[in-house]
């Protein structure tokens, strides 16, 4: 019995290993993005994100070579008598190094006769000394990247440092109005919300109407029309861009939110109707019959029966459409472009033309993922349900 | 069942259904049906869409008349001096790349998704494991592009801040510029696609696997079938219809895929795909005729899958 249990456990080890390996591969890239977005610029550029908890650059060299003559604060120990043979015996390496550094540290002269360590080691030690003596303080984690990203700061330092020194670029005001800087993610976040909310609500509303008609009303060509709809689900977006751009140019809708709302509504519709019709069609028939017998009209049945009952379907559809619109780049690129930039557009622009540093890019990417992640982890159940209903059960 | 039989108890005017359908049909007509027809007609026109495509023909050069845009779309990337040169140029063209995407991404997502669904079924932390694999579905293509661009980062200095090159150099290898080395870069982009979509395949295949009655699997195991045999001889055949649905869905997704390429390489260094090429022709070169011709070719490639989709729907309706 016991041996059986152990055998069973051993048999399962490869399974566990495979699963954990795959989980790691799936999570590590995103995790690296998050860590990087929280690190100061210099650290991002000179070491990998996985070294974030490693001792700061130069610390190892420092403890090896100088800790005995310098205190933890980096200041030379005033009392260290460099001629004391006992001290030299105890800390030989540190004295060698001190001797080799051809400069004064805190007014304490160092001897110059011994050979110099390689330049890299000396530089690392100098870095570390600067760090612990407070000349160049670098925290391990910082929110500066997120601030820079939100206000659209594109300078060489950070938004906070520049504003404190009064050397900010002209488009930066150093007050709350910076959050509306068109180059920043703050403004883009608001634009994304403005685009997404109506573009999620409208198709679901219209799809609920149409789904009800397809499921519970009788009319000529019902089946044919629905079959066409199934086909339309697959039409690629690319097919419609040019005619719609031209139409929008005539109507003055290019670069407006209304244009994007309508476009997403149109394109989300076939799938939304498909899902709604299948869900409503699976509701018990008696329900509608008794409602009709009680004298309800279609409109009453729709409002008081269909909408409340269809809530699970509406929820999953809502998540789908929300994520789809929020994450969309192509439609935003073509119809909104730079006039009302949304988050995806803003980031793709940072990658391709403006060439932001990794720290701002990663912070921006994480900001754009924040809301979808919350929606995803909060409402995963509905998300999966909607996907299954759309893709397999039919 | 219920959906095909409509209650006739309720008196219903002839107009009522159409009132319910009106907003949806109107919007779909304006945004899907009309543009499709318009795009097809534009693909036979010149750059501005003002005259026939034949007017842009250059004397002494090959021209297909009104099909000139299609000639451009289908041949401009190819070297036809010899058969081998043709295949070589085809393999590197946006068409060849799209083919690579379809082959690698579909097999990758479906294979990994199925494998993970089967394995995760046997452990206690199934829900967590699945949520992690599924998570990239919530991330935009743009976000995923940044995430992986960072993984692939190629440091010109000694320090590699990209995870992959850090691993390579720590093993003693030379760092690799994953996104600029031709052929390799397409594979690197496909990896991103697989990372994004495996969760989708996994979820659907997992649901199908769970619907297999336990008795069937138990019976086989009692008869002494090994897990491997159970998987290939029982599970896979039973869920075959679902696998086919997932594969067609993925092929359609891959054909339309644009964002990953746009964000990560912009279609440079030999990574172009059909959907990105269409965007470039339309909105970078402002060649409407060329761009719409590429779009129509894209649809022609998708039509077999539209057909399959409708056929599957008909079969399902018949079973109701």
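Chains as they are written, first to last, in the numbering used here: chain A, 1 to 394; chain B, 395 to 714. Glycine is no exception: its CB is placed at the ideal position from the N, C-alpha and C atoms. Only a predicted model underlies this, so the values are computations on that prediction, with no experimental measurement involved.
Neighbour list for residue i in chain B, Cβ cutoff strictly below 7 Å
i: residue 373 of chain A; result: 532
i: residue 213 of chain A; result: 411, 414, 415
i: residue 242 of chain A; result: 433, 436, 676, 682, 685, 686
i: residue 46 of chain A; result: 553
i: residue 36 of chain A; result: 544
Bridge-paired residues (DSSP) for residue i
i: residue 439 of chain B; result: B:446
Within chain A, partners of residue i - CB distance below 8 Å
i: residue 527 of chain B; result: 22, 23, 26
i: residue 650 of chain B; result: 236, 237, 238
i: residue 513 of chain B; result: 15, 18, 19
i: residue 708 of chain B; result: 227
i: residue 597 of chain B; result: 384, 387, 388
i: residue 484 of chain B; result: Within chain A, no residue comes near residue 484 of chain B; the closest Cβ sits about 22 Å away, beyond 8 Å.
For residue i, the nearest candidate out of the options (CA to CA)
i: residue 653 of chain B; options: A:267, A:170, A:57, A:237; result: A:237
i: residue 613 of chain B; options: B:627, B:487, B:568; result: B:627
i: residue 158 of chain A; options: A:267, A:365, A:360, A:273; result: A:360
i: residue 707 of chain B; options: A:231, A:24, A:185; result: A:231
i: residue 329 of chain A; options: B:536, B:454, B:496, B:520; result: B:536
i: residue 530 of chain B; options: B:592, B:712, B:616; result: B:592
i: residue 156 of chain A; options: A:41, A:221, A:227, A:55; result: A:41
i: residue 615 of chain B; options: B:589, B:629, B:450, B:549; result: B:629
i: residue 641 of chain B; options: B:544, B:470, B:599; result: B:599
i: residue 545 of chain B; options: B:569, B:524, B:422, B:677; result: B:569
i: residue 683 of chain B; options: B:411, B:480, B:449, B:637; result: B:449
i: residue 487 of chain B; options: B:691, B:668, B:705, B:693; result: B:668
i: residue 257 of chain A; options: A:17, A:365, A:338, A:56; result: A:338
i: residue 609 of chain B; options: B:624, B:590, B:456; result: B:624
i: residue 543 of chain B; options: B:586, B:510, B:471; result: B:586
i: residue 234 of chain A; options: B:662, B:697, B:434, B:572; result: B:697
i: residue 167 of chain A; options: A:279, A:8, A:153, A:331; result: A:153
i: residue 576 of chain B; options: B:491, B:664, B:561, B:595; result: B:664
i: residue 247 of chain A; options: B:410, B:428, B:413; result: B:428
i: residue 358 of chain A; options: B:700, B:548, B:574; result: B:548
i: residue 465 of chain B; options: B:453, B:447, B:481; result: B:447
i: residue 705 of chain B; options: A:255, A:223, A:344; result: A:223
Residue i: contacting residues in chain B (beta-carbon distance under 9 Å)
i: residue 207 of chain A; result: 418
i: residue 327 of chain A; result: 532, 533, 534, 535, 536, 537, 653
i: residue 347 of chain A; result: 534, 536, 537, 539, 540, 657
Interface partners of residue i on chain B, CB under 8 Å
i: residue 210 of chain A; result: 414, 415, 417, 418, 419
i: residue 29 of chain A; result: 541, 542, 544, 545, 557, 589
i: residue 267 of chain A; result: 425, 426
i: residue 400 of chain A; result: Lying outside 1 to 394, the shown extent of chain A, residue 400 of chain A is not represented and no answer is given.
i: residue 369 of chain A; result: 532, 533, 534, 537
i: residue 33 of chain A; result: 540, 541, 544
i: residue 270 of chain A; result: 422, 426
Proximal residues of chain A, C-beta to C-beta of residue i below 9 Å
i: residue 491 of chain B; result: By Cβ distance, chain A contributes nothing, its closest Cβ being about 16 Å from residue 491 of chain B, past 9 Å.
i: residue 700 of chain B; result: 230, 231, 232, 233, 234, 235
i: residue 703 of chain B; result: 230, 231, 233, 234
i: residue 625 of chain B; result: Under the 9 Å cutoff, chain A gives no residues; its nearest Cβ is about 13 Å from residue 625 of chain B.
i: residue 517 of chain B; result: 12, 15, 16, 19
i: residue 689 of chain B; result: 236, 238, 239, 240, 241, 242
i: residue 692 of chain B; result: 236, 238, 239
i: residue 461 of chain B; result: Correct list: empty, because the minimum Cβ distance to chain A is about 18 Å.
Within chain A, partners of residue i - CB distance below 7 Å
i: residue 429 of chain B; result: 239, 240, 243, 244
i: residue 669 of chain B; result: 238
Chain D within 8 Å of residue i, Cβ atoms only
i: residue 672 of chain B; result: The structure shown contains no chain D; its protein chains are A and B.
Minimum length 4: unbroken alpha helix (DSSP H) runs contained in the segment 510-576 of chain B
Runs of the alpha helix (DSSP H) inside the segment 510-576 of chain B: 520-528, 535-545, 557-564.
At least 3 beta-carbon pairs within less than 8 Å: the segment 36-53 of chain A vs the segment 551-561 of chain B
With a cut-off of 8 Å, the segment 551-561 of chain B and the segment 36-53 of chain A count as touching, because enough Cβ pairs lie within range.
Three or more C-beta pairs below 8 Å linking the segment 234-252 of chain A and the segment 668-679 of chain B
Yes, they touch.
Take every Cβ of the segment 259-275 of chain A, pair it with every Cβ of the segment 312-323 of chain A, and state whether three or more of those distances are shorter than 8 Å.
Yes: the two stretches touch, three or more of their Cβ pairs being nearer than 8 Å.
Whole runs of the alpha helix (DSSP H) within the segment 129-210 of chain A, excluding any shorter than 4 residues
With a minimum length of 4 residues, the continuous alpha helix (DSSP H) runs that stay inside the segment 129-210 of chain A are 144-151, 159-165.
3 or more residues per run - each beta strand (DSSP E) lying fully within the segment 286-364 of chain A:
Entirely contained in the segment 286-364 of chain A, not one beta strand (DSSP E) run reaches 3 residues.
With three or more beta-carbon pairs closer than 8 Å as the criterion, would you say the segment 294-307 of chain A touches the segment 206-216 of chain A?
In this structure the segment 294-307 of chain A lies against the segment 206-216 of chain A, because at least three pairs of beta carbons, one per stretch, are closer than 8 Å.
Is there contact here, the segment 513-531 of chain B with the segment 486-501 of chain B, by at least three beta-carbon pairs under 8 Å?
Because the criterion of three Cβ pairs below 8 Å is not met, the segment 513-531 of chain B and the segment 486-501 of chain B do not touch.
For the segment 378-390 of chain A against the segment 184-195 of chain A, are there 3 or more C-beta pairs whose distance is under 8 Å?
In short, these stretches do not touch, since the Cβ pair count stays below three.
Check whether the segment 418-426 of chain B touches the segment 335-353 of chain A, counting contact only when three or more Cβ pairs, one atom from each stretch, lie closer than 8 Å.
Segments in contact, no.
Within the chosen definition, does the segment 578-585 of chain B reach the segment 654-666 of chain B through at least 3 CB pairs nearer than 8 Å?
Yes, they touch.
Curious, which full-length alpha helix (DSSP H) runs of at least 4 residues does the segment 456-499 of chain B contain?
Fully enclosed alpha helix (DSSP H) runs of 4 or longer: 462-469, 477-486.
Which complete alpha helix (DSSP H) runs does the segment 201-273 of chain A hold, if anything under 4 residues is left out?
Within the segment 201-273 of chain A, the complete alpha helix (DSSP H) runs of at least 4 residues are 222-232, 241-251.
Which ranges does the alpha helix (DSSP H) cover as unbroken runs of at least 4 residues, wholly within the segment 406-438 of chain B, from first to last along the chain?
Correct list: 410-422, 428-436.
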